[in-house]
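In the numbering used here, the protein residues as written are 2 to 122. C-beta: ideal position from N, C-alpha, C; glycine also. The structure presented is a predicted model; accordingly, all values stated were derived computationally and were not measured. Heads up: the structure comes next, in structure tokens.
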């Protein structure tokens, strides 16, 4: 049986023929359980390698360079309205990225029973 194929379904039936349960292959059960997510912070449907890539993602070089430039300028002088807006956008992006990274690490820990290493932004 391949990963994308579910084994034939077997039913538990009452004497009158009424179906009262289903018998699943263990691997099929685990895959179905992954689809039912109770914790909304988990990221279902992603592979281990996708979760690891997300957990270790960083700002692009261009974004990091621009962030450094804006922070250095802010130390020297007041930023213009446009520069403040740009800095706030980058900081909001960092916040969202950090939330996604944390969700990816949590999903790795729960689904694969491992603790993800700490990552830098």
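Residue 33, buried or exposed, once every other Cβ within 10 Å from all chains shown has been counted against 16: The residue in question, residue 33, is exposed, as its Cβ has fewer than 16 Cβ neighbours within 10 Å.
Selection from 22, 19, 43 that minimises the alpha carbon distance to residue 1: Residue 1 lies beyond the stretch modelled for the chain, which goes from 2 to 122, so this question has no answer here.
CA-to-CA distance, residue 52 to residue 26, given in whole angstroms: In this structure, the CA atom of residue 26 is about 26 Å from the CA atom of residue 52.
Residues sharing a beta bridge with residue 23, DSSP: 12
For residue 57, the three-state DSSP class (helix, strand or coil): DSSP places residue 57 in the coil class of the three-state scheme, outside both helix and strand.
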